[in-house]
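For the sequence shown, our numbering gives the first residue as 2, with consecutive numbering after it. Data first, discussion second: the structure below is written as structure tokens.
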Amino acid sequence: MNSIWNTNLALFEKRFPALRDLLSEDIAFFEGEIEAGKFPLPLEIIEAKNGSPTAIYKAESAQALPLHSKYNPEREAEQLVHDFSSKDFEAAVFLGFGLGYGPLAFAEANPSTPLILIEKDPLFLFAAMNTIDFSKVFSHPKLIFVTKADPQTAISVLANYKAERVKIFSSKAHTAHDSPFAEEFLELFKRSLQKDEINTNTLEKFSRLWMKNSLANLPYLSKCDGVKKYRSTLLQLGGKATELPFVILAAGPSLQTLLPHLPALKETCVLVCVDSALHAVLKAGVEPDFIVLVDPQYVCARHLEFLKAPSSVLITESAAYPSVFRFECRETVMCSSLFPIGQYFEKRLGQKGKLGAGGSVATTAWDFARTCGTRKIYLAGMDLGFPGKQTHIRGSQFEERAHRTSTHTHTAETDGVASLLGAAPSLAKDYRGNTILTDKRMSLFAWWFESNCATALKDGQNTYTLTPQSLAIPNIGIASPEEVLAASSAKKEELMEAKRRFFEQAEKNSLEQKDDDRKKGVPSFESVLDEFRESLENLMSLSKKGLNLCQSAILNRTKVHEVNAKLSEIDSQILNSAGKDAAALVFPTERQLAAKAKELPSSAMNDAMLKPIYYSRLIYSELQKAVGEYLGCLKP
């Protein structure tokens, strides 16, 4: 092997020893082929006009594709990454990279920006390492390699970044050797962009509701148990307990077909009902074991209105609409909050237990079943589409509300049409291969189930649908209620005992957790509340100081340098504040802040010295407003 390969391989091994071990067989194969005078890839390495190596991809029955410029591959790479700005993006991904000129140019120009290199086939990575010096890439402090992975695993590497802040470098020539992988990766990334857009829209619309709900419900964080008492409870019991099935009841139209079987299913299964399906399930004469409601909107709280389920456990979160906590049930337990106020208090009082959130309450219900340790999860009414062009099961609050609010000019049917056509409708297939109407929003939920069910399968946890009229989702099988009941009847007594012990063990876990909290000296709720209020008041003081300093610099340009130094100190204190994340909930999004910045005086925006001062003044002003809203809500 040549010296370039040996140097690169040594650097690779030093930087990624575990990955080096994982690829040991591939490395041995590559080295063996090269030493035998063979090149194990359909690549022709040639010399560019400037003397640098370049390559041409020559697959069978395909047109030859040059991977880089035949004249100057280095200059081409520099031009490729020239317009990248760390102000616009927080990470860069090279989806395939040929001989690596692009990553090399990027590493040199952006030493502090995360650099993610994705190449499914490690032999293409080795071809690059065998051809050009990769030392600048391997010395990049924030380098990530992804190889020998499927698209789902590759896309998961980007989970810590906002999709809109990730720059993808991809070209047909660099992905032609495995275009299906690249196409699926880019489709998953597109879905991430859609998800981020939806999340931003949701934040802008509901952030103040989440704040008000969270602050109103704070006392329940010390009163209610967390769902963590159920976590892996079946695994604790072992044996037949892990065979105890969980059935998720969602509010799709197909749930109607399962209602007659619910009384029998409840005997040998744990029934987990989403809020919107509760009315129909209670009407069928069955109280589910668990009810899940985690959406803070008032319309979701109305799903429980005028209902009661004395034998059911309600799972909710601290940002739920306050009336939810008055629902008559056996017990109310909480999952860890998705919102910063709840997170602040849980960090000090104890975690409630995280549950997955894929945008639909059914995703949370499914993840609850998974965390309990069951091996079999059944879905019913989780249609993610409109079978029979219906939107919800008959008798659900959605349908009842439509009838209650209908008028001569705005009928219930009008609401139904709006639901059917309101989010970019498209056609797909159900589990029987029949056409079903779905939409963009539900496709995102389906993607969540597809990826998470795949992960669960690796842990021996299988997911099935009991309603084949639903949108077909990979990694979810098909079962019938009759099959489930027949399998359960053979071991009915064992499953009934497992279900009893499941709830009994959860209460033991709760008592042990409370005893452990006492030993650790977990602070009182009142002391944490005082600390929270003090942190907010400190943020208010800092924002006022920042505003005054900005104003002094605007009035007297000679103070700009001095003010900038003091603002840096204030910014550091704000970033270290325990209450900053909570305040960020009602702080403008990046999109809203950009819009507000456009309203600043044009004269100031054209003044290089004062522009940062004006922008800082905007930030402090918005922070003051956000903190003021909190303190106003916290007044006795």
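For glycine and all other residues, C-beta sits at the position ideal for the given N, C-alpha and C.
So, valine 497 versus threonine 269, is the Cβ gap smaller than 8 angstroms? Strictly speaking, residue 497 in this sequence is methionine, with valine absent from that position. Yes; because the gap between Cβ atoms is below 8 angstroms, this pair is in contact.
Between the CA atoms of phenylalanine 139 and phenylalanine 13 - distance to the nearest angstrom: 7 angstroms
Rounding to the nearest angstrom, what Cα-Cα distance links asparagine 111 and serine 4 in this structure? 27 angstroms
Going by DSSP in three states, phenylalanine 446 sits in which element: helix, strand or coil? helix
So, with DSSP's three-state summary, where would you put serine 528? helix
Given arginine 376 as reference, the closest of Glu244, Tyr345, Val287 once Cα atoms are compared: Glu244
Let me confirm a value: histidine 175 is counted as buried when at least 16 other C-beta atoms fall within 10 Å, else exposed. Which label applies? buried
Tell me, please, which residues DSSP counts as bridged to aspartate 440. Pro426
Alpha-carbon spacing of methionine 212 relative to aspartate 296, whole angstroms: 13 angstroms
Might you give, ordered along the chain, the residues of its own chain that have their beta carbon closer than 8 angstroms to the beta carbon of lysine 143, omitting 5 neighbours on each side? Ser113, Thr114, Pro115, Leu116
I need the straight-line Cα distance from leucine 624 to lysine 581, nearest angstrom please. 9 angstroms
Alpha helix (DSSP H) containing phenylalanine 13: first to last residue? 4-16
Under the three-state DSSP convention, the category asparagine 51 falls into: coil
Measuring only the C-alpha atoms, how far is glutamate 48 from glycine 99? 15 angstroms
So, alanine 480 versus leucine 472, is the Cβ gap smaller than 8 angstroms? no
Per DSSP, what kind of secondary structure is alanine 92 in: helix, strand or coil? strand
Could you give the residue range of the beta strand (DSSP E) that holds lysine 377? 377-381
Name, in chain order, the residues that DSSP records as bridge partners for asparagine 463. Lys377
Evaluate aspartate 384 with the Cβ neighbour count: other Cβ atoms within 10 Å of its Cβ, from every protein chain shown; 16 or more gives buried, anything less gives exposed. buried
Whole angstroms are fine: how far does the CA of glutamate 91 sit from the CA of serine 604? 30 angstroms
Cβ contact check for the stretch 266-284 and the stretch 236-254: 3 or more pairs under 8 angstroms: yes
Given a threshold of 16 other Cβ atoms within 10 Å of its Cβ, counted over all protein chains shown, does histidine 178 qualify as buried or as exposed? buried
Thinking C-alpha only, which one of Leu20, Glu26, Ser172 is nearest leucine 68? Ser172
For the alpha helix (DSSP H) containing arginine 76, name the first residue and the last one. 74-83
Using DSSP with H/G/I as helix, E/B as strand and the rest coil, what is cysteine 301? helix
Among residues of its own chain, excluding the 5 on either side of aspartate 516, which ones have a beta-carbon nearer than 6 angstroms to its beta-carbon? none
From alanine 78 to phenylalanine 346, what does the alpha carbon distance come to, in whole angstroms? 49 angstroms
What does the alpha-carbon distance come out to for the pair asparagine 510 and leucine 216? 28 angstroms
Delimiting residues of the beta strand (DSSP E) encompassing tyrosine 168: Reading off the sequence, residue 168 comes out as lysine, not tyrosine. Run containing lysine 168: 167-171, per the beta strand (DSSP E) assignment.
Rank Ala487, Ser70, Gly239, Leu619 by C-alpha distance to the C-alpha of serine 544 and give the top, closest one. Leu619
Determine the burial state of phenylalanine 638: buried for a count of at least 16 other Cβ atoms within 10 Å of its Cβ, exposed for fewer. In this structure the chain extends from 2 to 637, so residue 638 is not present and cannot be described.
Check whether chain D comes within 8 angstroms of glutamine 470, counting only Cβ atoms and requiring the distance to be less than that. The structure shown has no chain D; it contains just one protein chain.
Could you give the first and the last residue of the continuous alpha helix (DSSP H) run that contains proline 264? 263-269
So does the stretch 607-621 actually touch the stretch 540-558, counting three or more Cβ pairs closer than 8 angstroms? yes
Suppose you measure from the CA of lysine 1 to the CA of isoleucine 316; what does that come to, to the nearest Å? The structure shown does not extend to residue 1, since the chain is modelled only from 2 through 637, so no value can be given for it.
Let's test the definition: count the other Cβ atoms within 10 Å of the Cβ of glutamine 352 and tell me whether it reaches 16, buried, or not, exposed. exposed
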